[in-house]
Amino acid sequence: MSNLLKRRAVVRQLLRDRGEMLVVGGLGAPAWDITAAGDHDNNFPLWGAMGGAAMIGLGLALAQPNRRVMVITGDGEMLMGIGSLATIAAQRPRNLAIVVLDNERYGETGQQLTHTGLGTDLSGMARAAGITHAVLVRKPRELADFQAIAAKGSGPAFAQVKVDPEKLPLVLPPREASYLKNRFRLSVLGKTALHD
């Protein structure tokens, strides 16, 4: 049995007391995981744009400085958008937390190893870019410690969370891009959201 953290349990914990936090779910499993924790008007799951989750989170954090913003993404997507860490560090949004669910796999294309499975240290790269609150999480206590740092709004904060590469049933968010965009936009603006 694996001693790695379970992806969906990690996401449930991160979103348990979310309040009005805005959440960007990276392409693939992270989008399914935020939906499994409860579809929410403040969720923005990505159906495409691999590598863009962290930069979308940065834009939200800068545009909504009084709202907490969390990006939950995967190691494959973070590797594709690794340059975003330098821009995030330079902008220093206090309200932004980035969580990378690192299963060391490209889950959407056949479970091939990513570079993190070959030794690449994303939390070390985030620190080298200038994100001082960058940690590697392997235990529940470390995840709770990261949540406390992220909740203080002294970010940006970054966590590379080692999770089991288990295959889980899909819990898909709404597919219609216009619906997701409009629902999220209205929620951010504090207006009545669209409903099915």
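My numbering numbers the first residue of the sequence shown as 24 and each following residue consecutively. Quick reminder that beta carbons are idealized off the backbone N, C-alpha and C, glycines included.
{"Query": "Can you check DSSP and say which residues form a bridge with Gly-97?", "Result": "Leu-124"}
{"Query": "Going by the beta-carbon positions, is the gap between Val-46 and Leu-38 smaller than 8 Å?", "Result": "yes"}
{"Query": "Determine the burial state of Asn-205: buried for a count of at least 16 other Cβ atoms within 10 Å of its Cβ, exposed for fewer.", "Result": "exposed"}
{"Query": "Between which two residues does the beta strand (DSSP E) carrying Val-47 extend?", "Result": "45–48"}
{"Query": "By alpha-carbon positions, which one of Val-122, Arg-30, Gly-51 and Gly-61 ends up nearest to Gly-80?", "Result": "Val-122"}
{"Query": "With contact counted as at least three CB pairs below 8 Å, one residue from each stretch, are the stretch 78–96 and the stretch 159–166 in contact?", "Result": "no"}
{"Query": "Alpha carbon to alpha carbon, what distance is there between Gly-153 and Pro-53?", "Result": "25 Å"}
{"Query": "Report the three-state DSSP secondary structure of Pro-68 (helix, strand or coil).", "Result": "strand"}
{"Query": "For Leu-191, tell me which candidate among Pro-88, Glu-131 and Asp-40 has the shortest Cα-Cα distance.", "Result": "Glu-131"}
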